[in-house]
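Line order of the protein sequences matches chains A and B. Position one of the first sequence corresponds to residue 720 (the numbering used here), numbered consecutively onward. Position one of the second sequence corresponds to residue -18 (the numbering used here), numbered consecutively onward. To start, the structure itself, in structure tokens.
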Amino acid sequence: MTDYINRRKFVSRTALSAAGLLLSEQIIGSPNYDSSEAMILETPVSSYNLMKEVMKYRKLDSHVHAHLFDGGPESNISFADRLGIDKMYVSLPAYNGEGTPKEFSYYNDLMLKCMKQYPDRLIGQFTLNAIFQKESMEEINRCVDLGMVGLKVYTQLKINDRLFYPIIEKMIDLKMIIHMHAYAQLGLGGYRMKYNTGTRPNTSIPEDFVEIAQKYPEAMFQYAHIGGGGDWEYACKMFAKHPNIYVDTSGSNNAENMIDFAVKCLGEDRVFFGSDNCYYQSAGKILASNLTENQKKKVFFDNYNTILKKSGNNVD
Amino acid sequence: MLIDINAYIGHWPFMQLKHNTCEALIERMNKFGVDISVISNLNGIFYKNTQSANEELFEEIRSKAKFRNRFIPFAVINPIYAGWRDDLDVCISKYGFKGVRIYPKYHDFEILDPECIELVKRVRDYGLPVAFNFRMVDSRQRSWIDTAYVKDNVIREWNLRNILPIIKAVPDAKYMILNFANAATLNAEEMALMKNTDLLFDTSGRTITHMSDYLKTYGNDKFAFGTHSPILDYLTGLLRIESLSPEEANDTQKEMLRSGNAMKILSI
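Take a look at the structure:
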């Protein structure tokens, strides 16, 4: 819907004219001023209703945490309600510490507790540390039996480490996605290593994802947070020809062209909505994109739901 | 009524930008209901002689009436470059610019450089605001030739503590502190300084993870809608305002955030 504002009314309404806001007399009276343009009275300004647009789309948050950045699940639910997010797929990877079996089981238990507290809204992604092979395989079985629907791992090992192979094969059998923290920036992996940016050395980079995706074409990989501060253009270009690598849009960065570029590179089926608890940016950057209605619907909801459907965990 | 206090035209040398001309920005404004935008020319960050960028902006704005009606231009001034005092005077007195943006990190001077202090005082004496920001882009995705952001370089992303010294030095100036991207905990004295200063943050920065918390901390009169467009997306800054519940901000307070606070600092 568009409102056509009469310029005189507009100026009067905003009290700008008397204050001389609309640029100084020097500009208005400048020699190059085309007086015929003053006859343009109609200025179209949309009456865009942002919250109506926000609530128009169902949303599945494919990358979000509880008990990590902003407290327990109450905070998650508060923002889910505020921004119309149907369900959040919560995880708590071994962000600090060694990632021992005791630690990762504890983190998974916390997520299971969140699921019990909000069974219709929060679903868990389990975590593990593949260095501890036996315990990790047992933890997958335990967590899947208790209703968790995917794997989220951090920086203890790179995604293409041989120790991950049995885990990946298990996830193929379960038809569940492998969601890995990831980054692309100067000083990381093969990307201009002469710059030391202090990033954890085992952080997975786009090249690692490509290598493992080629080795296991039947597996599904989720490259975490293209909005996480890294070079999203680099990552998306790297994945263009690898159909089993998906990206989520989460993170605190909301570059104007990020979503359009991701869909241009990867197609409209391989981009998931995610927040990483950066809720405003996560919705804002998709709504501000030039995607079609159907593409926005896919990114916000359908694409991740398609992944969940493979293991029978999709949302109706 | 919606006023965006943090928008740009121009180029970022390390990444292609969309919607980065006056014409394209007006399309965004019309599409998403923004009446007026405060803009400056990004090129001014990278030109050694920033006045060339101010001239570009002046020429573009005066080329069409609709630009003059919808944009409030801010000059980019580098106070350690020759002729800046004359440039400032031309921008304000002749071009009609309504404020000044200052980039100490990119223009390589300290925020308490005597000439930076002098610039802030001169803008104050015109009755206009100066604008600083925390950062332009996330340093984690910097280009290898974006030398302002090398790790361990003393010039890193700022938080509020890096900007406080100039506020303390010239407390009676008007300030816009833009792209609130990094957190800092202020002591009581620093918070009092913030609250007693004629100062506005915009809503574009990533650190504002819960808008209502920031309103409680700094006050409803300290924030205004801003996009940091076209570097950041056009809607996130607005979403921080529009998604506030009635308990967090009533209609009057939301109007302050949409335009009232901006009109006050811009004296309109």
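Note that CB positions come from ideal geometry on N, CA and C, so glycine has one too.
query: Check whether chain E comes within 8 angstroms of SER824 of chain A, counting only Cβ atoms and requiring the distance to be less than that.; result: The structure shown has no chain E; the protein chains it does contain are A and B.
query: Give the interface partners of LYS12 of chain B over in chain A, defined as CB-CB distance under 8 angstroms, in chain order.; result: SER765 and TYR767
query: Look up PHE823 of chain A in the DSSP assignment and say whether it is helix, strand or coil.; result: helix
query: Please classify GLY917 of chain A as buried or exposed, where buried requires at least 16 other C-beta atoms within 10 Å of its C-beta.; result: exposed
query: Under the three-state reduction of DSSP, which class applies to PRO152 of chain B: helix, strand or coil?; result: coil
query: Are at least three pairs of beta-carbons, each pair with one atom in the region 972 to 985 of chain A and one in the region 774 to 786 of chain A, less than 8 angstroms apart?; result: no
query: Is there a C-beta anywhere in chain A that falls below 8 angstroms from the one on PHE96 of chain B?; result: A small correction: the amino acid at residue 96 of chain B is Glu; Phe does not occupy that position in the sequence shown. No - not a single Cβ of chain A is within 8 angstroms of the one on GLU96 of chain B.
query: When the distance is taken between beta carbons, is ILE83 of chain B closer than 8 angstroms to ALA52 of chain B?; result: A small fix is needed here, since residue 52 of chain B is Phe in this sequence, not Ala. No, the Cβ-Cβ distance between PHE52 of chain B and ILE83 of chain B is not below 8 angstroms.
query: If we define contact as Cβ-Cβ less than 8 angstroms, is ARG121 of chain B a contact residue for chain A?; result: yes
query: Residues of chain A with CB closer than 7 angstroms to the CB of LEU219 of chain B, please, in chain order.; result: LEU769
query: Buried or exposed: where does PRO750 of chain A fall if 16 or more other Cβ atoms within 10 Å of its Cβ makes it buried?; result: Caution applies to PRO750 of chain A, whose pLDDT of 35 falls short of 50 and renders its modelled position unreliable; the value that the coordinates give is listed next. Classification of PRO750 of chain A: exposed, given that the 10 Å Cβ count is below 16.
query: Could you tell me the distance, in whole angstroms, from the CA atom of ALA5 of chain B to the CA atom of LYS(-1) of chain B?; result: 8 angstroms
query: Quick check: MET(-18) of chain B and SER240 of chain B, are their CB atoms within less than 8 angstroms of each other?; result: yes
query: Since I believe THR31 of chain B is in contact with ASN59 of chain B (beta carbons under 8 angstroms), could you give me their beta-carbon distance rounded to a whole number of angstroms?; result: 5 angstroms
query: At least one CB of chain B closer than 8 angstroms to the CB of ALA1002 of chain A: is that the case?; result: yes
query: Take ASN242 of chain B as the anchor and find which of B:ILE20, B:GLY207 and B:TYR215 has the nearest alpha-carbon.; result: B:GLY207
query: Since I believe ALA938 of chain A is in contact with ILE891 of chain A (beta carbons under 8 angstroms), could you give me their beta-carbon distance rounded to a whole number of angstroms?; result: 5 angstroms
query: For ASP789 of chain A, I'd like the list of residues in its chain whose CB is within less than 7 angstroms of its CB, leaving aside the five on either flank, ordered along the chain.; result: ASN996
query: State the DSSP-derived secondary structure class of HIS784 of chain A, mapped to helix, strand or coil.; result: strand
query: Between which two residues does the beta strand (DSSP E) harbouring ILE842 of chain A extend?; result: 841 to 843
query: Using C-beta distances below 7 angstroms, list every residue in its chain close to ILE1026 of chain A, excluding the 5 sequence neighbours before and after it, in chain order.; result: ILE896 and MET939
query: Three or more beta-carbon pairs under 8 angstroms between the region 902 to 911 of chain A and the region 856 to 865 of chain A, yes or no?; result: no
query: Under a three-way DSSP split, which group does SER224 of chain B fall into?; result: coil
query: List, in order along the chain, the chain A residues whose C-beta lies closer than 8 angstroms to that of THR2 of chain B?; result: Those do not exist, as THR2 of chain B stays about 14 angstroms from chain A at its closest Cβ, beyond 8 angstroms.
query: Indicate whether at least one CB of chain A lies closer than 8 angstroms to the CB of GLU223 of chain B.; result: yes
query: With distances taken between CB atoms, is the gap from SER969 of chain A to SER1008 of chain A smaller than 8 angstroms?; result: no
query: Given a limit of 8 angstroms on CB to CB distance, which residues of the region 964 to 976 of chain A reach chain B?; result: SER971, ASN972, ASN973, ALA974, GLU975 and ASN976
query: Pull up the DSSP beta-bridge partners for MET899 of chain A, would you.; result: A:VAL872 and A:TYR942
query: Please identify, using Cβ separations under 9 angstroms, the residues of the region 939 to 967 of chain A that lie next to chain B, in order along the chain.; result: GLY947, GLY948, GLY949, ASP950, TRP951, GLU952 and TYR953
query: Only counting the same chain, and skipping five residues up and downstream in sequence, which positions put a Cβ closer than 7 angstroms to that of ASP1035 of chain A?; result: none
query: Helix, strand or coil: how does DSSP classify MET856 of chain A here?; result: helix
query: Please confirm whether ALA154 of chain B and VAL118 of chain B have their CB atoms less than 8 angstroms apart.; result: no
query: If you draw a straight line from the C-alpha of GLY816 of chain A to the C-alpha of LEU847 of chain A, how long is it?; result: 13 angstroms
query: Using a C-beta cutoff of 8 angstroms, does TYR999 of chain A count as contacting chain B?; result: yes
query: Can you give me the start and stop residues for the alpha helix (DSSP H) that ASN22 of chain B sits inside?; result: Element bounds for ASN22 of chain B: not the alpha helix (DSSP H) but the beta strand (DSSP E), 17 to 22.
query: From the DSSP secondary-structure annotation, give me the bridge partner or partners of MET237 of chain B.; result: Looking at the DSSP assignment, MET237 of chain B forms no beta bridge with any residue, so it has no partner.
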